[in-house]
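Each remark here refers to the structure printed beneath this line.
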Amino acid sequence: MTRKTFTINSNEEKSLDALGINKISIKRISSNSDIHSLFSPIEVTISKPTGEIKKWYIHATTYFSNTKPGIITDIEMNEIITSCQNAVLKINNTMEHAPFVLTIEYEELLDLIDVLVIYVNNQSEGRTYSLHPSSKLELMSKFPDAKPVGQLYTSYENEQLFQMQHGDILRPFVQGITNLTDKELLRIGRVDFIDSRTNELLRQMTFDL
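The sequence shown begins at 80 in the working numbering and counts up by one.
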């Protein structure tokens, strides 16, 4: 996949919406600034209007031995994956008195599965969530290491207790059924929850940070 780039000054913000893509995978950060300004950790922050914030810390010193000021220096890292909708990227060097320009190298992150269908079977004391057979086959094809369990059951009492303590139960249920990581969940376009008896669409959800 073709990589693209954009530049950002340290201590400024970048709206990822402006890139015109849905999801992003940040692969590399580089700078041609004075190398001594990069000796302290660089904080990469992605925030949303909902208040959700994710942070990554990049320690650059190990990559910059024998490097002189003025030449391009790369920070290799584990990729940062996020949706771009309403997302704001900020890169902040802890040495605020030494600002510099960074180049962000990224790829558009395409969905591996457009729609994942989960059936919901409401029973007298609880409900069962189960993968649609075709969705399970597609999941196993696109994510061969996932090993989905296929279905999960919860009582109404436990579901209510979980929601009171942790919030929405559907994301952890999707993760439990599919056995996907947080990053892998971002490769799913959306999840449809369908009543197994009436085929009524109960809810749709997408995954964010």
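Glycine is no exception: its CB is placed at the ideal position from the N, C-alpha and C atoms. Fair warning: this is a prediction, and the values are worked out from it, not measured in the lab.
Proximity test, Cβ basis, 8 Å: residue i and chain B
{"i": "residue 135", "result": "The displayed structure is made up of one protein chain only, and chain B is not part of it."}
Range covered by the alpha helix (DSSP H) that runs through residue i
{"i": "residue 214", "result": "212-221"}
{"i": "residue 253", "result": "249-257"}
Residue from the options whose Cα sits closest to the Cα of residue i
{"i": "residue 82", "options": "107, 99, 93", "result": "107"}
{"i": "residue 348", "options": "274, 127, 191, 242", "result": "Here the chain has residues from 80 to 288 only, and residue 348 is not among them."}
{"i": "residue 283", "options": "269, 254, 244", "result": "269"}
{"i": "residue 264", "options": "287, 278, 245", "result": "287"}
{"i": "residue 233", "options": "249, 227, 182, 223", "result": "249"}
Bounding residues of the beta strand (DSSP E) (the contiguous stretch that carries residue i)
{"i": "residue 190", "result": "No beta strand (DSSP E) contains residue 190, which DSSP labels as neither H nor E."}
{"i": "residue 272", "result": "267-274"}
{"i": "residue 281", "result": "280-284"}
{"i": "residue 231", "result": "230-234"}
C-alpha gap between residue i and residue j, whole angstroms
{"i": "residue 84", "j": "residue 110", "result": "12 Å"}
{"i": "residue 165", "j": "residue 102", "result": "11 Å"}
{"i": "residue 220", "j": "residue 92", "result": "38 Å"}
{"i": "residue 211", "j": "residue 217", "result": "10 Å"}
{"i": "residue 267", "j": "residue 94", "result": "23 Å"}
{"i": "residue 163", "j": "residue 193", "result": "17 Å"}
{"i": "residue 241", "j": "residue 205", "result": "13 Å"}
{"i": "residue 215", "j": "residue 97", "result": "35 Å"}
{"i": "residue 88", "j": "residue 168", "result": "11 Å"}
Opposing strand residues paired with residue i [DSSP bridges]
{"i": "residue 101", "result": "Looking at the DSSP assignment, residue 101 forms no beta bridge with any residue, so it has no partner."}
{"i": "residue 181", "result": "87, 110"}
{"i": "residue 201", "result": "206"}
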